[in-house]
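Student: Using my numbering, you'd call the opening residue of the sequence shown number 612 and step up by one each time. Heads up, the beta-carbon is just placed ideally off N, CA and C, and yes, glycines get one too.
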Amino acid sequence: MIAEKLYREEHRIFQQTARRFVDQEILPHREAWEEMGTVPREVWEKAGRQGLLCCDLPEEFEGPGGDFLHAVVLAQEMARAGGGGPTFGGHSDIAVPYITKYGTPEQKRKWLPKAVRGEAIVAIAMTEPHAGSDLQAIRTSARRDGGDYVIKGQKTYISNGLQAHLVIVAVKTDPAAGAKGISLILVETDRPGFVRGKALKKIGRKAQDTMELFFDDVRVPAENLLGTQEGQGFYQLMGLLVQERLSSAVRCVCMMQLALEDTVRFVKERQVFGKPIAAFQNTQFELADLWSGLLATRVFVEWCIERHMEGKLTAVEAAAVKLRASEYEGVLIDQCLQFYGGMGYMWETPIARAYADARVNRISAGSNHILKMLIGRELLK
Ligand SMILES: Cc1cc2nc3c(=O)[nH]c(=O)nc-3n(C[C@H](O)[C@H](O)[C@H](O)COP(=O)(O)OP(=O)(O)OC[C@H]3O[C@@H](n4cnc5c(N)ncnc54)[C@H](O)[C@@H]3O)c2cc1C
Numbered sequence: 612m613i614a615e616k617l618y619r620e621e622h623r624i625f626q627q628t629a630r631r632f633v634d635q636e637i638l639p640h641r642e643a644w645e646e647m648g649t650v651p652r653e654v655w656e657k658a659g660r661q662g663l664l665c666c667d668l669p670e671e672f673e674g675p676g677g678d679f680l681h682a683v684v685l686a687q688e689m690a691r692a693g694g695g696g697p698t699f700g701g702h703s704d705i706a707v708p709y710i711t712k713y714g715t716p717e718q719k720r721k722w723l724p725k726a727v728r729g730e731a732i733v734a735i736a737m738t739e740p741h742a743g744s745d746l747q748a749i750r751t752s753a754r755r756d757g758g759d760y761v762i763k764g765q766k767t768y769i770s771n772g773l774q775a776h777l778v779i780v781a782v783k784t785d786p787a788a789g790a791k792g793i794s795l796i797l798v799e800t801d802r803p804g805f806v807r808g809k810a811l812k813k814i815g816r817k818a819q820d821t822m823e824l825f826f827d828d829v830r831v832p833a834e835n836l837l838g839t840q841e842g843q844g845f846y847q848l849m850g851l852l853v854q855e856r857l858s859s860a861v862r863c864v865c866m867m868q869l870a871l872e873d874t875v876r877f878v879k880e881r882q883v884f885g886k887p888i889a890a891f892q893n894t895q896f897e898l899a900d901l902w903s904g905l906l907a908t909r910v911f912v913e914w915c916i917e918r919h920m921e922g923k924l925t926a927v928e929a930a931a932v933k934l935r936a937s938e939y940e941g942v943l944i945d946q947c948l949q950f951y952g953g954m955g956y957m958w959e960t961p962i963a964r965a966y967a968d969a970r971v972n973r974i975s976a977g978s979n980h981i982l983k984m985l986i987g988r989e990l991l992k
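1) Assuming Ala-686 and Val-932 are in contact, meaning their beta carbons sit under 8 Å apart, how far apart are those beta carbons, in whole angstroms?
2) Measuring straight from C-alpha to C-alpha, what distance separates Thr-925 and Gly-850?
3) In three-state terms, what does DSSP make of Tyr-713?
4) Quick check: what's the CA-CA separation for Lys-657 versus Gly-987?
5) Would the beta-carbon of His-776 fall within 7 Å of that of Ile-732?
6) With which residues is Lys-992 paired in a DSSP beta bridge?
7) Does the contact criterion of 3 or more C-beta pairs under 8 Å hold for the region 956-969 versus the region 807-821?
8) Give the C-beta separation of Val-806 and Val-778 to the nearest angstrom, bearing in mind that I take them to be a contact with Cβ-Cβ under 8 Å.
9) Counting only runs that start and end within the region 673-759, where is the alpha helix (DSSP H) found for 4 or more residues in a row?
10) Terminal residues of the continuous beta strand (DSSP E) containing Asp-827?
11) Does DSSP put Thr-767 in a helix, in a strand, or in coil?
12) For Glu-653 and chain D, any beta-carbon pair shorter than 7 Å?
13) Report yes if the C-beta distance between His-741 and Val-684 is below 7 Å; otherwise report no.
14) Under the DSSP definition of a beta bridge, which residues are partnered with Ala-870?
15) With a threshold of 6 Å (Cβ to nearest heavy atom), would His-980 be considered close to ligand 1?
16) Using only alpha-carbon positions, find the residue among Leu-905, Arg-755, Ser-978 and Glu-917 that is nearest to Arg-856.
17) List the DSSP bridge partners of Arg-807.
18) Could you check whether the Cβ of Gly-815 sits closer than 6 Å to any heavy atom belonging to ligand 1?
19) Answer yes if the region 907-927 comes into contact with the region 671-684, meaning at least three C-beta pairs across the two stretches below 8 Å, and no otherwise.
20) Buried or exposed: Cys-822, going by 16 or more other Cβ atoms within 10 Å of its Cβ?
21) Taking its Cβ as the centre, do 16 or more other Cβ atoms sit within 10 Å of His-702, making it buried, or is it exposed?
22) Mapping DSSP to helix, strand and coil, what is Glu-671?
23) List, from N- to C-terminal side, the beta strand (DSSP E) runs of 3 residues or more that fit wholly inside the region 931-991.
24) Does the region 943-960 come into contact with the region 890-901, if we say contact requires no fewer than three beta-carbon pairs (one atom in each stretch) closer than 8 Å?
25) By DSSP, does Glu-921 sit in helix, in strand, or in coil?
26) What are the start and end residues of the beta strand (DSSP E) that includes Glu-656?
27) Give the straight-line distance between the Cα atoms of Met-647 and Ala-692, rounded to the nearest whole angstrom.
28) Answer with buried or exposed for Phe-679, where buried requires no fewer than 16 other C-beta atoms within 10 angstroms of its C-beta.
29) Is Ile-821 a contact residue of ligand 1, with contact defined as CB to any heavy atom under 6 Å?
30) Can you tell me which of the three DSSP states Leu-664 falls into?
31) Is the region 710-718 touching the region 757-770, taking contact as three or more C-beta pairs under 8 Å?
32) With a threshold of 6 Å (Cβ to nearest heavy atom), would Met-737 be considered close to ligand 1?
33) For Pro-708, tell me which candidate among Leu-848, Val-912 and Gly-885 has the shortest Cα-Cα distance.
34) With a CB to CB cut of under 7 Å and the five nearest residues on each side skipped, what residues in its chain are close to Val-875?
35) Leaving out five residues on either side along the sequence, give the residues of the same chain with a beta carbon under 6 Å from the beta carbon of Arg-830.
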């Protein structure tokens, strides 16, 4: 199990709670939720009551007062549901930390307790139809009008966009200033002019809604600017990418571990030419290769977790671990699927879901081309 050597007793107790929650509240509903394209709201509030949301928030904000290892434990348990369960990580480990790290005292008081309880689901909206990797090219604007901002534009591929009560929106407050003209603004989703577009159909992660969002002159008070100064958005986004990328790598390792365990079980059971697939030397060699690759990736991820918890993980290390883990996830799951033959192509088989769910990890949290560019730049500077 990932990072187990770092666990304390509280992480083991938390693991039991998370495991029970996934067994009882998520796994029985996976197929129905995949059909719905989302999960019911109540599951968030139930998770909140069990202390499974925003695990690292202190008691001051009604948080469970845990640390990043709690998020790792939860990712491990949630991996068993894959894309058939809710994306708690997108809320707890990616979106809410913007408020925790950069919010004003009032913003923290207003939103963090609700986020912990699952009463406010928070999404982060950077990507636009014509600007993903190149964030400086976003066009959504926020114009100052007296004591308000008026937001106009469009976002796409936004995780939890369907259910979100609050969206942290990347906007241009000064279109002429490049990266220095980007700010993050908190937009409550019940404001006039905020419109959810269609839920996008994806090849995997089918219960995790991914939305288009439209902002048609949405008026919010100036206090909704994240932090106190305009023009900080790009730096705020960059500042949280370390944790986002490490979280992505953690999820990749969890998925690989499950895929390999399932495959080992399968090859021992499935008989071909009068013997189990496990009896062929090719199977043994390939699985040995995959296991050693997984182990190497896991050790790298654990090293990064340790550094992150000490506040030492650098942007280039986070890029490298996400690159390595997501690329190897693609290799491992593809090769595991091959052992299943035709069954591996059927949606009912966990390896088929894992194959589809995993693909996005090479695209989101910084596409792997961009990560290579960052790492290359650092190496050659
Ligand atoms: C399931 C899912 C959930 C998502 N959730 C969110 C979310 O919650 N919030 C959010 O804001 N966004 C979200 N995204 C968007 C995601 O972050 C972007 O898709 C990603 O950043 C890539 O941007 P893009 O799709 O515009 O691709 P583009 O930027 O158009 O890139 C297209 C291709 O060109 C390559 N490329 C781009 N620039 C370079 C370069 N300089 N050198 C070499 N190659 C390059 C890229 O690597 C990629 O392969 C989500 C996406 C998916 C699929």
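Tutor: On the basis of the supplied data:
1) Position 75 of the sequence shown, counted from the first residue, corresponds to residue 686. Position 321 of the sequence shown, counted from the first residue, corresponds to residue 932. Between Ala-686 and Val-932, the beta carbon gap of about 14 Å keeps them out of contact (Cβ cut-off 8 Å).
2) Position 314 of the sequence shown holds residue 925. Position 239 of the sequence shown holds residue 850. Rounded to whole angstroms, Thr-925 and Gly-850 show a C-alpha spacing of 10 Å.
3) Counting from one through the sequence shown, the residue named residue 713 turns up at place 102. Note: Tyr-713 maps to helix in three-state DSSP.
4) Residue numbering aside, residue 657 sits at position 46 when the sequence shown is read from its first letter. Residue numbering aside, residue 987 sits at position 376 when the sequence shown is read from its first letter. Straight-line Cα distance between these residues: approximately 44 Å.
5) The residue given as residue 776 occupies position 165 in the sequence shown. The residue given as residue 732 occupies position 121 in the sequence shown. In this structure, the beta-carbon distance from His-776 to Ile-732 falls below 7 Å.
6) Reading the sequence shown from its first residue, position 381 is the one you call residue 992. The bridge partners DSSP lists for Lys-992 come to none.
7) Output reads yes: the region 807-821 touches the region 956-969.
8) Counting from 1 along the sequence shown, the entry for residue 806 is found at position 195. Counting from 1 along the sequence shown, the entry for residue 778 is found at position 167. Their Cβ separation, rounded to whole angstroms, is 12 Å, which puts Val-806 and Val-778 out of contact at 8 Å.
9) Counting only runs of 4 or more, we get 679-689, 707-713 and 716-728.
10) Residue mapping note: residue 827 aligns to position 216 of the sequence shown, counting from 1. For Asp-827, the enclosing beta strand (DSSP E) stretches over residues 821-832.
11) Here residue 767 corresponds to residue number 156 of the sequence shown, with the count starting at 1. Residue state, collapsed to three classes: strand.
12) The structure shown contains no chain D; it is built from a single protein chain.
13) As a working mapping, residue 741 is identified with position 130 in the sequence shown. As a working mapping, residue 684 is identified with position 73 in the sequence shown. In this structure, Val-684 does not lie closer than 7 Å to His-741 by Cβ.
14) On the sequence shown, residue 870 is found 259 positions in, with the first residue counted as 1. Under DSSP, Ala-870 takes part in no beta bridge, so it has no partner.
15) Taking the sequence shown and counting its residues from 1, one reaches residue 980 at position 369. Relative to the non-hydrogen atoms of ligand 1, the Cβ of His-980 comes within a distance shorter than 6 Å of at least one.
16) Against the sequence shown, residue 856 aligns to sequence position 245. The closest CA to that of Arg-856, considering only Leu-905, Arg-755, Ser-978 and Glu-917, is found on Ser-978.
17) The residue given as residue 807 occupies position 196 in the sequence shown. Answer by DSSP bridge pairing, in chain order: Leu-824.
18) The residue labelled residue 815 in the question sits at position 204 within the sequence shown. The answer is no for Gly-815.
19) Segments in contact, yes.
20) On the sequence shown, position 211 is the one that residue 822 refers to. Note that residue 822 is Met in the sequence shown here, rather than Cys. So Met-822 ends up on the buried side.
21) As a position in the sequence shown, residue 702 is number 91, starting the count at 1. Under the 10 Å beta carbon count, His-702 is surrounded by 16 or more other beta carbons and is classified as buried.
22) Sequence index remark: in the sequence shown, residue 671 carries index 60 (1-based). Three-state DSSP puts Glu-671 in a helix.
23) Taking only runs of at least 3 residues, no beta strand (DSSP E) segment lies wholly in the region 931-991.
24) Taking a contact to require three or more Cβ pairs closer than 8 Å, the region 943-960 and the region 890-901 qualify as touching.
25) Translated into positions along the sequence shown, residue 921 becomes position 310. Here Glu-921 sits in coil by DSSP.
26) To locate residue 656, count along the sequence shown from 1; it is residue 45. Membership of Glu-656 in any beta strand (DSSP E) is not indicated; the residue belongs instead to the alpha helix (DSSP H) covering 652-660.
27) Here residue 647 corresponds to residue number 36 of the sequence shown, with the count starting at 1. Here residue 692 corresponds to residue number 81 of the sequence shown, with the count starting at 1. So the alpha carbons of these two residues sit roughly 15 Å apart.
28) As a position in the sequence shown, residue 679 is number 68, starting the count at 1. When all chains shown are included, Phe-679 counts as buried.
29) Indexing the sequence shown from 1 puts residue 821 at position 210. Just to set this straight, residue 821 is Thr in the shown sequence, not Ile. Indeed, a heavy atom of ligand 1 lies less than 6 Å from the Cβ.
30) Here the question's residue 664 lines up with position 53 in the sequence shown. Three-state DSSP puts Leu-664 in coil, outside helix and strand.
31) Not touching, per the Cβ criterion.
32) As a working note, residue 737 is residue 126 in the sequence shown. At least one heavy atom of ligand 1 sits closer than 6 Å to the Cβ of Met-737.
33) Numbered from 1 along the sequence shown, position 97 holds the residue referred to as residue 708. Checking every option, the nearest Cα to that of Pro-708 belongs to Leu-848.
34) Here residue 875 is taken as the residue at index 264 of the sequence shown, counted from 1. Hits under 7 Å: Leu-898.
35) Locating residue 830 in the sequence shown gives position 219, counting from the first residue. Non-local C-beta neighbours of Arg-830 in its own chain, meaning closer than 6 Å and more than five positions away in sequence, comprise Asp-759 and Val-761, ordered along the chain.
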